[in-house]
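> Count along the first sequence from 1, then add 19; that gives the number in the numbering used here.
All C-beta atoms, glycine included, are put in the ideal place defined by N, C-alpha and C.
Keep in mind it's a predicted model, so treat the numbers as computed, not measured.
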Amino acid sequence: MSTSAPSATPGSSPAGGPKPMDAIMSLCKRRGFIFQASDIYGGINGFWDYGPLGAQLKKNLREAWWQDMIMNPCWGRKGPNGRRVECVPVETRIIQHPKVWEASGHVGGFNDPMVDCKETKGRYRYDHVMVFVPESGDAGDKPVFAYVGDQPSESKQKKKAEKTFGAVKSVALSSIPQPWTRVIAPEAEKPGTLTEPRMFNLMFDTIPGAIKDEANRAYLRPETAQGVFLQFKNVVDSSRVKIPFGIGNTGTSFRNEVTPRNYTFRSREFEQAELEFFCHPDESFKWYEFWRDFRMDWWKSIGLAGENLILREHAKDELSHYSVGTSDVEYRFPFTFPEFGELEGIAHRGNYDLTQHQKHSGAKLEYFDQERGELLPNGSKRGERYLPHCIEPAAGLDRGALAILCEAYTKDESRPSPEIMKFHPRIAPIKAAVFPLVNKDGMPEIAEKLYDAVRARFAKVGFVEFDEKQSIGKRYARMDEGGCPFCFTVDGQTATDQTVTVRDRDTGAQSRMAMDQVVKFLEDKLGV
RNA sequence: GCGGAAGUAACUCAACGGUAGAGUGUCAGCCUUCCAAGCUGAAUGUUGCGGGUUCAAAUCCCGUCUUCCGCUCCA
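1) Could you work out which residue in F184, P162, V190 and Q245 is closest to A207 when comparing CA atoms only?
2) If you compare alpha carbons, which of A451, P117 and H333 is closest to H235?
3) Which partner residues of Q55 appear in the DSSP bridge assignment?
4) Whole angstroms are fine: how far does the CA of Q55 sit from the CA of L456?
5) Given S286, which residues of its chain have a CB within under 7 Å of its CB, disregarding the five upstream and five downstream residues?
6) Decide if the stretch 291–309 is in contact with the stretch 70–77; the criterion is three or more beta carbon pairs, one per stretch, under 8 Å apart.
7) Taking the straight line between their C-alpha atoms, what separation do you get for L199 and K182?
8) Roughly how many angstroms separate the alpha carbons of R434 and G511, rounded to a whole number?
9) Just to confirm, is the Cβ distance from F251 to L384 under 8 Å?
10) Can you look up L456 in the DSSP assignment and give me helix, strand or coil?
11) Applying the 10 Å Cβ sphere with the 16-neighbour rule, what's the burial state of D316?
12) Which residues in the same chain as Y238 place their Cβ atom closer than 6 Å to its Cβ, once the five residues preceding and following it in sequence are excluded?
13) So, for G265: in the same chain, excluding its five sequence neighbours on each side, which residues have a beta-carbon less than 6 Å away from its beta-carbon?
14) First and last residue of the alpha helix (DSSP H) that includes F304?
15) For I412, count neighbouring Cβ atoms within 10 angstroms of its own Cβ and tell me buried if that reaches 16, exposed if not.
16) Are the stretch 344–352 and the stretch 387–400 touching, with three or more C-beta to C-beta distances below 8 Å?
17) Could you give the residue range of the alpha helix (DSSP H) that holds L421?
18) Name the two residues that bound the continuous beta strand (DSSP E) containing K188.
19) Determine the closest residue to C506 out of K479, A451 and A514, with distance taken between C-alpha atoms.
20) What's the C-alpha gap between E82 and P300?
21) In whole angstroms, what separates the C-alpha of T508 from that of A472?
22) Please state whether the Cβ-Cβ distance between L469 and M534 is less than 8 Å.
23) Which residue comes first and which comes last in the beta strand (DSSP E) that contains M534?
24) In three-state DSSP terms, what is E276?
25) Which residue or residues does DSSP assign as beta-bridge partners of E293?
26) Which residues in the same chain as S45 place their Cβ atom closer than 7 Å to its Cβ, once the five residues preceding and following it in sequence are excluded?
27) Taking Cβ positions, are E242 and S193 nearer each other than 8 Å?
28) When you compare only the Cα positions, how much space is there between G398 and N327?
29) If I measure Cβ to Cβ from D372 and keep anything under 6 Å in the same chain, skipping five residues before and after, which residues do I get?
30) Rounded to whole angstroms, what is the Cα-Cα separation between I329 and H147?
Here it is, written out as structure tokens:
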């Protein structure tokens, strides 16, 4: 039988609005994609675990990135220099020397309590803010004037304070009882615009070593990129790479997000897949465009095609201080709809990071390029010494997995199994399933044999399932929710002509094929 | 961080202050020759957690945690 109901468009609900996020989350829990971390203890804010299907889904995503970025970069596409793109991997640690994060700029004004001004949007270090009050210390109902030492606000506020009180003295903001309804912020006009002090400790910290000594404080990395810069010289010295080339790094990072929100989208622990591509400054912008375009194509290739994916070039005033160009690959999540949320940032970082680490570590990180410089009489080039520029495509694997889950979720009420996860076969955690149509007449035995063969061949890329329980309809439905793209069923005809049916998840349509063609069929469909 | 809403079985949800239930799923058996079909049965709950009020709390009160929504934040 062949039922091919019209399938809903992946990526949007039939009405064209956002898909129901609660239904997606419910399915993710029910089928073992995503669980809340420490669920039985009531959960922990900002942390999520993956269940059996989710773990394999994410592994497939990570593997796809590894293959297409490191082992066979850009599917063999030629770079702007007309040559093959070359990349190598590293695997660097979550914990590095604390000075790394000083050099990178991550340790700075963000580990101290800060107060914000609601009127001017100014932000001040709490312990730096002083206040002019009357000499007596009692301002009565009058406002008092906050300032920051050695800033224009100091003299300005002092004048105002003296006009109000006459003789004044200055005290720390922290000595004034909250709420600060009578405090006028440094650049503000109205009183009471300062928030209470807040800690912006973005980075998690820890103390390595058996003895707890503050002097040893180290941080859990907020990005994997820095590990690459730290090992740049070692990689160059040990692996015969030549500029231009990339170094990829994947792994867990931590950010103490102020407000974890939107399911796994803004988690405090998350996994990144980052490539740092080093090139000569003169060629850097071309490489930036190259990577920007490839990364967009890549996300499309694993199933995020459609209107839900966009490439957004950052405006000038949005750029980091070191970047001359940044683009985001963004996906229209149900919870951002109709806006988009970032999946990956492709940043031109110039030579900022290598410069910083060279300065802070004292190590020489320049690259000696023997293919550049004037031609010498002996036929070789003089060479050129420089700090390479860096293009950084930095993807969030958990965000990628979430986008894939959202994109795949399809509700089709016309199907007996209305909820279908339409994963791209390459990413699908379950690759195939084998069923006996009924649990008798020799069918289970034949099906087991087929299952063994398929599993032996494809277990390295995902689950291969065998299911003989309950009705065939329930088994198909289960596979639809798990996102298994192909189900092979042994039926009464199999014993006589060695054929089985293959059912397509997205259409429900079936066709018959020789049993010994099943492995070949899957090889083609799964691309392995 | 602020404001609002919610939290009961794996999922979706019921239950007047008075014995915690249903549907779905899961599991087992029977049946079954292609789509959550049928029959029979089973397991799963300190009602998020901790206090309080009460003879009695899923229910009322307080605290706390988590999730969702809106602000804020997102180096």
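Walking through what the data contain:
1) Translated into the one-based positions of the first sequence, residue 207 becomes position 188. Distances from the CA of A207 to each of F184, P162, V190 and Q245 were compared; the closest alpha carbon is that of P162.
2) Here residue 235 corresponds to residue number 216 of the first sequence, with the count starting at 1. Note that residue 235 is Asn in the sequence shown, not His. It is P117.
3) Counted from its first residue, the first sequence places residue 55 at position 36. Paired residue(s): W67.
4) On the first sequence, position 437 is the one that residue 456 refers to. On the first sequence, position 36 is the one that residue 55 refers to. In a straight line, the C-alpha of L456 is about 37 Å away from that of Q55.
5) Against the first sequence, residue 286 aligns to sequence position 267. In the same chain as S286, and ignoring 5 residues on each side of it, the C-beta atoms closer than 7 Å to its own belong to G65, F66, W67, P279 and D417, in chain order.
6) Counting C-beta pairs closer than 8 Å gives fewer than three between the stretch 291–309 and the stretch 70–77, which falls short of the contact rule.
7) Counting from one through the first sequence, the residue named residue 199 turns up at place 180. Counting from one through the first sequence, the residue named residue 182 turns up at place 163. Sequence check: residue 199 is Trp here, not Leu. Whole-angstrom Cα-Cα distance: 21 Å.
8) The count along the first sequence starts at 1 and reaches residue 434 at position 415. The count along the first sequence starts at 1 and reaches residue 511 at position 492. If I take the Cα positions, the gap works out to 25 Å.
9) Reading the first sequence from its first residue, position 232 is the one you call residue 251. Reading the first sequence from its first residue, position 365 is the one you call residue 384. Yes, Cβ-Cβ distance for F251 and L384 is below 8 Å.
10) For the purposes of this step, residue 456 is identified with residue 437 of the first sequence, where counting begins at 1. Three-state result, L456: coil.
11) Taking the first sequence and counting its residues from 1, one reaches residue 316 at position 297. Exposed: under 16 other Cβ atoms inside 10 Å.
12) Along the first sequence, read from residue 1 onward, the residue named residue 238 stands at position 219. The answer, listed in chain order, is W120, M222 and D224.
13) As a working mapping, residue 265 is identified with position 246 in the first sequence. Excluding residues within five positions, the ones whose Cβ falls inside 6 Å are C106, L294 and F296.
14) Position 285 of the first sequence, counted from the first residue, corresponds to residue 304. Here the alpha helix (DSSP H) through F304 covers S303 to W318.
15) As a working mapping, residue 412 is identified with position 393 in the first sequence. Checking the displayed sequence, the identity of residue 412 turns out to be Pro instead of Ile. So P412 counts as buried.
16) Taking 8 Å as the limit for Cβ pairs, the verdict is that the stretch 387–400 does not touch the stretch 344–352.
17) Reading the first sequence from its first residue, position 402 is the one you call residue 421. Unbroken alpha helix (DSSP H) run through L421: L416 to A427.
18) Taking the first sequence and counting its residues from 1, one reaches residue 188 at position 169. Segment V187 to A191, the beta strand (DSSP E) holding K188.
19) Position 487 of the first sequence, counting from 1, holds the residue named residue 506. Closest by alpha carbon: A451.
20) Residue numbering aside, residue 82 sits at position 63 when the first sequence is read from its first letter. Residue numbering aside, residue 300 sits at position 281 when the first sequence is read from its first letter. Roughly 31 Å separates the two Cα atoms.
21) By 1-based counting over the first sequence, the position of residue 508 is 489. By 1-based counting over the first sequence, the position of residue 472 is 453. One C-alpha to the other measures close to 14 Å.
22) For the purposes of this step, residue 469 is taken as residue 450 along the first sequence, with counting starting at 1. For the purposes of this step, residue 534 is taken as residue 515 along the first sequence, with counting starting at 1. Annotated as proximal: L469 and M534, with beta-carbon spacing under 8 Å.
23) Within the first sequence, the letter at position 515 stands for residue 534. Premise fails: M534 is in no beta strand (DSSP E) and is neither H nor E.
24) By one-based count along the first sequence, residue 276 stands at place 257. DSSP, read as helix, strand or coil, puts E276 in coil.
25) Numbered from its first residue, the first sequence carries residue 293 at position 274. Per DSSP, N268 and A413.
26) Numbered from 1 along the first sequence, position 26 holds the residue referred to as residue 45. Closer than 7 Å at Cβ, skipping near neighbours: no residue.
27) Here residue 242 refers to the residue found at position 223 when the first sequence is read from its first residue. Here residue 193 refers to the residue found at position 174 when the first sequence is read from its first residue. It is not a contact, given that the beta carbons lie outside the stated cut-off.
28) Within the first sequence, numbered from 1, the residue matching residue 398 stands at position 379. Within the first sequence, numbered from 1, the residue matching residue 327 stands at position 308. Using only the alpha carbons, I get a separation of about 54 Å.
29) As a first step, residue 372 is located in the first sequence; it is residue number 353 there, counting from the start. Contacts found: F248.
30) Against the first sequence, residue 329 aligns to sequence position 310. Against the first sequence, residue 147 aligns to sequence position 128. Counting only the Cα atoms, H147 lies some 43 Å from I329.
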